[in-house]
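Residue numbers (the numbering used here): 106 to 170.
This is the structure:
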């Protein structure tokens with residue numbers, strides 16, 4: 106969570122891709138509540154396709170958030 110707070114304070118764009126522990130809760134807060142990050146759509150095995158990652162990073166770069 107500390108890294109997330111540091112990123113928010115300095116305005117670092119974020120793509121939320123939780124892997125373990127409390128990161129899933131962080132994703133909900135950042136994406137749905139605070140609207141400060143873009144979510145990624147991972148497959149059922151938890152992996153992320155290169156096309157999905159490319160789409161989210163481009164969306165982040167073009168975003169006004």
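Every residue, glycine too, gets a C-beta built ideally from N, C-alpha and C.
Straight-line Cα distance separating residue j from residue i
i	j	result
residue 120	residue 109	11 Å
residue 133	residue 118	16 Å
residue 156	residue 114	29 Å
residue 128	residue 168	23 Å
residue 151	residue 124	8 Å
residue 135	residue 112	11 Å
residue 137	residue 107	19 Å
Distance CB(residue i)-CB(residue j) smaller than 8 Å
i	j	result
residue 116	residue 143	no
residue 162	residue 153	no
For residue j and residue i, believed in contact at Cβ under 8 Å, the rounded distance
i	j	result
residue 159	residue 122	Not really, about 13 Å apart at Cβ, beyond 8 Å.
Original post:
Taking the runs of the beta strand (DSSP E) that are 3 residues or longer, which of them lie wholly in the stretch 121-151?
Top reply: 142-144
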